[in-house]
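Line by line, the protein sequences give chains A and B.
Under the working numbering, the residues of the first sequence are numbered 15 to 254, in order.
Under the working numbering, the residues of the second sequence are numbered 15 to 254, in order.
2 protein chains.
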Amino acid sequence: MHFTSEQRLDDGVLEREFTLGEIPGTLWTPESGAPAPLVLMSHNNGLPKAEPRLVARARYTAAGGYAVATIDAAGCGDRPRSAADEQARADLRRAMRAGEPVDEIFESFIGPLVENAVPEWRTTLDALLTNPGIAGPVGYSGWMALGIRLAVAEPRIAAAGFFAGGYVPRAQRQEARQITVPLLLLLQWDDEGNPRQRALDLFDAFGSKEKTLHANPGGHTGTPWFELDDGNRFLDRHLK
Amino acid sequence: MHFTSEQRLDDGVLEREFTLGEIPGTLWTPESGAPAPLVLMSHNNGLPKAEPRLVARARYTAAGGYAVATIDAAGCGDRPRSAADEQARADLRRAMRAGEPVDEIFESFIGPLVENAVPEWRTTLDALLTNPGIAGPVGYSGWMALGIRLAVAEPRIAAAGFFAGGYVPRAQRQEARQITVPLLLLLQWDDEGNPRQRALDLFDAFGSKEKTLHANPGGHTGTPWFELDDGNRFLDRHLK
């Protein structure tokens, strides 16, 4: 893991860009520098790690006493995409404009995107845990499809917050019941692209004894600010 | 309003019983004694104000810096019941044992219970606001059917937390969309006596721009402890 840049932000958080082989990442750590629990944070459907809403969430979480890491995994963010992926995304845009069903198109590229991202997140986790500023336990926050796969595959994940606004491939819908760690599921009630009932069905399916659903009115990007605070308190209950 | 007993509890909260004409009530105020925002707290379906879960919630809320008041309104708690009410409750128990539909029975006595309780809660509110230890604004917490009616009828209610585990009469289901104050709806996902879909439909119907649903697994009495804390923070956002 090579740090390529370092910046002290006005909230005291230290923001560092890193590379790990081909994987580009960002690590935010709290002002104190003392070993902090780690939160892996990812944006729905492989959006770039530099996406402003992800960055704002990461900084808020880091200011709350966490080391927060994100990466652009294979095929995600600014990483190269396969011709098939480019084609699928073009098909998706065309189908959405035409009001046609999009599930099969989503399935064709989100499924492999999740499968291919998981090993890179695990490699990153291995490397992060050798950093003296980072202590276990490990939490997860964000992209639900990736989070389901990681929470099932990776025993070091101790708690997870999922955002319901993204496509969840069939494989992850099926393995949802295998999850047993505490969960917080955040749902935007009027998120047009993401049917509410699917999120409620997933909430029902999760195997965790402690799972909480927070739903708020409004569209995909309308999550109220106080959910940031609730998200930190959820992590505090399980990681501190 | 006559205070009939007074007790300083080990969390510093002052607990006072009072009567207001025929209405018996309890008021909990924070240790500081400084004027505090008021929370009206009521238990589903007219259960007694001394019910231990209500008392625990009231004390926790008071310790968080609120004056918390509850009453046994007409027909509620230990107040005398009409012969018709006694009959309805006997019919309800019989129907539940027999696994028969209970909606019409609930409708027949919860509807009037709510209608008759509202004037007494408003009278109590008038009296409470003359107390030097109580300041506006006013919040509500608990029994959803009563809370819907109060939030529609009483402009002094500035925010309301509802617990979904109780029968909501048709009249209140219809007026739910008239509510505009911030809401927190607490739902036990596996509450057998209270169909989940009805609570989700009500959440959808509320007219409030800010409304949040918190759902947790488990039965009617299984609400996790951290929802007490979340409830206080919801009140803090709107009453402090």
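Virtual Cβ for every residue (Gly too), placed ideally from N, Cα, C.
- Here the stretch 96 to 114 of chain A does not lie against the stretch 130 to 148 of chain A, with fewer than 3 beta-carbon pairs under 8 Å apart.
- Using a C-beta cut-off of 8 Å, the stretch 73 to 84 of chain A makes no contact with the stretch 166 to 173 of chain A, since fewer than three inter-stretch Cβ pairs fall below that distance.
- By the C-beta criterion, the stretch 125 to 133 of chain A is judged not to be in contact with the stretch 29 to 41 of chain A, since fewer than 3 inter-stretch pairs fall below 8 Å.
- For residue 172(A), the nearest beta carbon of chain B is not closer than 8 Å to its own beta carbon.
- Taking a 10 Å sphere around the C-beta of residue 16(B), we find fewer than 16 other C-beta atoms and assign the residue as exposed.
- For the stretch 18 to 85 of chain A, the continuous alpha helix (DSSP H) assignments of 4+ residues that do not extend past its boundaries occur at 66 to 77, in sequence order.
- Cβ contact annotation for residue 30(B) (same chain, cutoff 6 Å, sequence separation greater than five): 17, 20, 41, in chain order.
- Residue 152(B) sits in a strand when the DSSP states are folded into three classes.
- Comparing alpha-carbon positions, the option among 224(A), 64(A), 190(A) lying closest to residue 213(A) turns out to be 190(A).
- Remark: C-beta atoms of residue 193(A) and residue 165(A) approach each other more closely than 8 Å.
- By the neighbour-count definition (other C-beta atoms within 10 Å, threshold 16), residue 43(A) is a buried residue.
- Secondary structure at residue 239(A): coil, using DSSP grouped into helix, strand and coil.
- Judged by DSSP in its simplified three-state form, residue 167(B) adopts helix.
- According to DSSP, residue 176(A) shares a beta bridge with 156(A), 199(A).
- Exposure of residue 254(B) is indicated by the presence of fewer than 16 other C-beta atoms within 10 angstroms of its C-beta.
- Residue 130(B): member of the alpha helix (DSSP H) spanning 117 to 142, first to last residue.
- Residue pairing by DSSP places residue 228(A) opposite 200(A), 228(B) in a beta bridge.
- Partner residues in the beta bridge of residue 16(B), as assigned by DSSP, are 33(B).
- Between residue 50(A) and residue 70(A) the beta-carbon gap is near 19 Å, outside 8 Å, which marks them as no contact.
- Annotated three-state conformation of residue 95(B) is coil, per DSSP.
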